[in-house]
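A.B. asks: Quick one: this structure, given as structure tokens, is what I'll be asking you about.
Shown next, in the form of structure tokens:
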């Protein structure tokens, strides 16, 4: 029973409403990612669960216990911050062991030793256990910081953009690592980020936060293929989804109340134009290596998709474009069609 | 004119060599990105070009003039860091004009240059607005304006986008490149982010342990890596390597790995038997039941439009990028075909690429 249940929680700072009527259940063993830009209320949500902020309204239960008014130390949570904060005068081993020696922890010396070494292996820092924390690279420090959270076995790990200070390359490695560690431990994680790749690759479920509200929550596939509205659709996908006005491309077969058509790579059929069928022109192909972007122009509208290497298109080519089951949005910006 | 020439540049901090014998020519108007992990020497190189560090050996020439020993302020260079901090109590005009005013530029001149800069960045309609009321993208443009208003010979930028949200970063990457297309100022930009490098650079210098591993256009770096390090650093996920032991003969067009014969770009050199690695990018792997290169699926990463499937073969794990709607089950045995034109071969001991037709650049 380590579910974390947030019920109708709101939190304001002065006139600014940081979190509005948020309800969310995180099941035991689940990896939930809250995705949103700076100011969406992500960090406040974590801090509310950790007890670092008090909600104005609503309830938070952790493992069946009403934690709404409990102090942080009485909550069974472990927090990983964006900026790693290690004890500089301690070794990696001592840093990792520290949370286990805090008051209220009841592990024997042997158990602590074992737990520290296990954790060091998990975060791949076992070869530097005796190093001083200050003699580590940035990546190593962050692994120790994550390790220090993992060394305990709380009901839930709260992670606030723990990878954002790392090199891009290391970040990509750590995404896979963190997911592997979470699965190995069967850990419950609430992770907040503004990075859609992190959300897509690690989450069992993604919650999209905007201006303090949870706009949609679902599996990465649900959020990606059936976004609730334009806002959610625009948060995911590289290149970003093309949001096109009615009538730009042939769309007579689409619902009559569709005002905006959302088209990602998989929603467009693109081919070199045969005579007479040309509707668009290739502007350029942006070579980004693993994902080349095809930039096209229909009238004065730009359309960008992933480029299909087999299509062999070049700048200046005329092409035909047709929809293939695109996403349709009504005048209010909500998606038309069956729910996720 | 602002050509930067770096000759045999070296920097030691005590016993530690931060930059080792680097040579680099950055042509006038070029946007060059120095790319590598932290500690690879990219920032040290940039700081030496700026005059913020003195090299241990070597020379730096700016437009043919030896500036190696000149102070930073004597070089007509703008070092841009903390690009995106604004003065909240000043309006847009004052924020952009600040560096000129600090230099004691006459008021009429400041006015003219600020308005020119604002037009260039398409924020001239915002000049008298307060910066605190601006939308994110416009704020970044104001900050950029403040960086370029002095019009130096060249810009040196040290991870200027590092702290931004990904969405803003993508926006600013395009913004910076468009700006460069308009003003053509020689730019050296340091980052650890290969996407930034690929999106903005005319040329990329990939650095590793103080050494420039490869210097070339983004496509050269990505498509025709000269070392395993470069092949591995670029791409997300990076290039896959299949290990095998074989000798090579010029003119050969295939290699044998386990039971599979794999077509490769024509080999141009002879090699006695050695440990080799065949390099293939995830987007150049396809599933094909008929192939004798076989393995079983150990994982799938959903990315929306595409997915990454990990396949364990006898000679290494291969990650394939395929459309997300293609169904692949974990544990399933699959055959793989590799795009013959795009494969690389490496000597595992040295990490260097074997000469093949790939490097003749037939595909641009």
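Chains as they are written, first to last, in my numbering: chain E, 2 to 341; chain H, 4 to 367. We put the CB at the ideal spot given by N, CA and C, even for glycine. The structure displayed is predicted, hence computed values, not measured ones.
Return the Cβ separation of residue 34 of chain E and residue 203 of chain E in integer angstroms, given the expectation that the two are a contact with Cβ distance under 8 Å.
C.D. replies: One-based indexing of the first chain puts residue 34 of chain E at position 33. One-based indexing of the first chain puts residue 203 of chain E at position 202. Distance from residue 34 of chain E to residue 203 of chain E at the Cβ level is roughly 6 Å; contact confirmed, criterion being Cβ atoms closer than 8 Å.
A.B. asks: Taking buried to mean at least 16 other C-beta atoms within 10 Å of its own C-beta, is residue 81 of chain E buried or exposed?
C.D. replies: For the purposes of this step, residue 81 of chain E is taken as the residue at position 80 of the first chain. Its Cβ being crowded by 16 or more others within 10 Å, residue 81 of chain E is buried.
A.B. asks: Apart from the five residues just before and just after residue 301 of chain H, which ones in its own chain have a Cβ nearer than 6 Å to its Cβ?
C.D. replies: For this step, residue 301 of chain H is matched to residue 298 along the second chain. Counting only Cβ-Cβ distances below 6 Å, and skipping sequence neighbours, we find 313, 315.
A.B. asks: Among E:5, E:263, E:146, which has the Cα closest to the Cα of residue 87 of chain E?
C.D. replies: Taking the first residue of the first chain as 1, we reach residue 87 of chain E at position 86. It is E:146.
A.B. asks: Let's test the definition: count the other Cβ atoms within 10 Å of the Cβ of residue 259 of chain H and tell me whether it reaches 16, buried, or not, exposed.
C.D. replies: Residue mapping note: residue 259 of chain H aligns to position 256 of the second chain, counting from 1. So residue 259 of chain H counts as exposed.
A.B. asks: What is the DSSP secondary structure of residue 365 of chain H, counted as helix, strand or coil?
C.D. replies: Counted from its first residue, the second chain places residue 365 of chain H at position 362. The predicted position of residue 365 of chain H is uncertain, since its pLDDT is 47 and thus under 50; a value taken from the coordinates is nonetheless stated next. In the structure shown, residue 365 of chain H sits in coil (DSSP, three-state: anything other than H, G, I, E or B).
A.B. asks: Provide the residue(s) that pair with residue 208 of chain E in DSSP beta bridges, ordered along the chain.
C.D. replies: Along the first chain, read from residue 1 onward, the residue named residue 208 of chain E stands at position 207. Beta-bridge pairing links residue 208 of chain E to E:35, E:218.
A.B. asks: Let's see if you can read the secondary structure: which residues bound the beta strand (DSSP E) around residue 90 of chain E?
C.D. replies: For the purposes of this step, residue 90 of chain E is identified with residue 89 of the first chain, where counting begins at 1. First-last for residue 90 of chain E: undefined, no H or E at that position.
A.B. asks: Apart from the five residues just before and just after residue 214 of chain E, which ones in its own chain have a Cβ nearer than 6 Å to its Cβ?
C.D. replies: Translated into the one-based positions of the first chain, residue 214 of chain E becomes position 213. Taken in chain order, the residues that qualify are 21.
A.B. asks: Which partner residues does residue 8 of chain E have in the DSSP bridge list?
C.D. replies: Taking the first chain and counting its residues from 1, the one referred to as residue 8 of chain E is at position 7. Note: residue 8 of chain E sits in a beta bridge opposite E:60.
A.B. asks: Report, in whole angstroms, the separation of the C-beta atoms of residue 183 of chain H and residue 43 of chain H, which I expect to be a contact under 8 Å.
C.D. replies: As a working mapping, residue 183 of chain H is identified with position 180 in the second chain. As a working mapping, residue 43 of chain H is identified with position 40 in the second chain. About 24 Å separates the two Cβ atoms, so there is no contact after all.
A.B. asks: How should residue 382 of chain H be labelled, buried or exposed, when 16 other C-beta atoms within 10 angstroms of its C-beta is the threshold for buried?
C.D. replies: Only positions 4 to 367 of chain H appear in this structure, which leaves residue 382 of chain H out of reach.
A.B. asks: If the cut-off is 7 Å on Cβ atoms, which residues from the stretch 111-139 of chain E count as contacting chain H, listed in chain order?
C.D. replies: From the stretch 111-139 of chain E, only 138, 139 have a Cβ closer than 7 Å to chain H.
A.B. asks: Given a threshold of 16 other Cβ atoms within 10 Å of its Cβ, counted over all protein chains shown, does residue 299 of chain H qualify as buried or as exposed?
C.D. replies: Stepping through the second chain from its first residue, residue 299 of chain H is reached at position 296. Looking at its Cβ environment, which holds fewer than 16 other Cβ atoms inside 10 Å, residue 299 of chain H is exposed.
A.B. asks: Quick check: what's the CA-CA separation for residue 173 of chain H versus residue 324 of chain H?
C.D. replies: Here residue 173 of chain H refers to the residue found at position 170 when the second chain is read from its first residue. Here residue 324 of chain H refers to the residue found at position 321 when the second chain is read from its first residue. Whole-angstrom Cα-Cα distance: 22 Å.
A.B. asks: At what residue ranges does the stretch 237-266 of chain H contain a whole run of the beta strand (DSSP E), taking only runs of 3 or more?
C.D. replies: 243-251, 257-260, 263-266
A.B. asks: Going by alpha carbons, who is nearest to residue 299 of chain E out of E:111, E:243, E:326?
C.D. replies: Counted from its first residue, the first chain places residue 299 of chain E at position 298. Considering only alpha carbons, the answer is E:243.
A.B. asks: Run through DSSP, which three-state label would residue 124 of chain E get?
C.D. replies: Here the question's residue 124 of chain E lines up with position 123 in the first chain. Residue state, collapsed to three classes: coil.
A.B. asks: If the criterion is Cβ atoms closer than 7 Å, does the pair residue 135 of chain H and residue 91 of chain H meet it?
C.D. replies: Along the second chain, one-based indexing puts residue 135 of chain H at 132. Along the second chain, one-based indexing puts residue 91 of chain H at 88. In contact: residue 135 of chain H and residue 91 of chain H (Cβ atoms closer than 7 Å).
A.B. asks: Using only the alpha-carbon positions, how far apart do residue 317 of chain E and residue 282 of chain E sit?
C.D. replies: Taking the first chain and counting its residues from 1, the one referred to as residue 317 of chain E is at position 316. Taking the first chain and counting its residues from 1, the one referred to as residue 282 of chain E is at position 281. C-alpha separation (whole angstroms): 6 Å.
A.B. asks: Under 7 Å, do residue 187 of chain H and residue 67 of chain H count as touching if we go by C-beta distance?
C.D. replies: Residue mapping note: residue 187 of chain H aligns to position 184 of the second chain, counting from 1. Residue mapping note: residue 67 of chain H aligns to position 64 of the second chain, counting from 1. It is not a contact, given that the beta carbons lie outside the stated cut-off.
A.B. asks: DSSP three-state call for residue 74 of chain E: helix, strand or coil?
C.D. replies: On the first chain, residue 74 of chain E is found 73 positions in, with the first residue counted as 1. The answer is helix: DSSP assigns residue 74 of chain E an H, G or I state.
A.B. asks: Identify the contact partners of residue 307 of chain H in chain E, using a Cβ-Cβ distance below 7 Å as the criterion.
C.D. replies: Translated into positions along the second chain, residue 307 of chain H becomes position 304. Within chain E, the residues near residue 307 of chain H are 201, 225, 237, 238.
A.B. asks: Tell me whether the stretch 325-337 of chain E and the stretch 209-224 of chain E touch, counting them as touching only if at least three CB pairs, one residue from each stretch, are closer than 8 Å.
C.D. replies: no
A.B. asks: If you drop the 5 nearest sequence neighbours on each side, which residues of the same chain put their C-beta closer than 7 Å to that of residue 273 of chain H?
C.D. replies: Your numbering for residue 273 of chain H matches position 270 in the second chain. If we look at residue 273 of chain H and ignore the five residues flanking it on each side, its Cβ neighbours are 251, 252, 253.
A.B. asks: Looking at the strands, I want to know which residues DSSP matches up with residue 160 of chain E.
C.D. replies: Here residue 160 of chain E is taken as the residue at index 159 of the first chain, counted from 1. In DSSP, residue 160 of chain E forms a bridge with E:81, E:192.
A.B. asks: On a CA-only basis, which of E:303, E:223, E:236, E:49 is nearest residue 250 of chain E? Give me that one, please.
C.D. replies: In the first chain, residue 250 of chain E corresponds to position 249, counting from 1. Comparing Cα positions, the closest option is E:303.
A.B. asks: I need the boundaries of the alpha helix (DSSP H) containing residue 179 of chain E, first residue and last residue.
C.D. replies: Numbered from 1 along the first chain, position 178 holds the residue referred to as residue 179 of chain E. First-last of the alpha helix (DSSP H) with residue 179 of chain E: 169-186.
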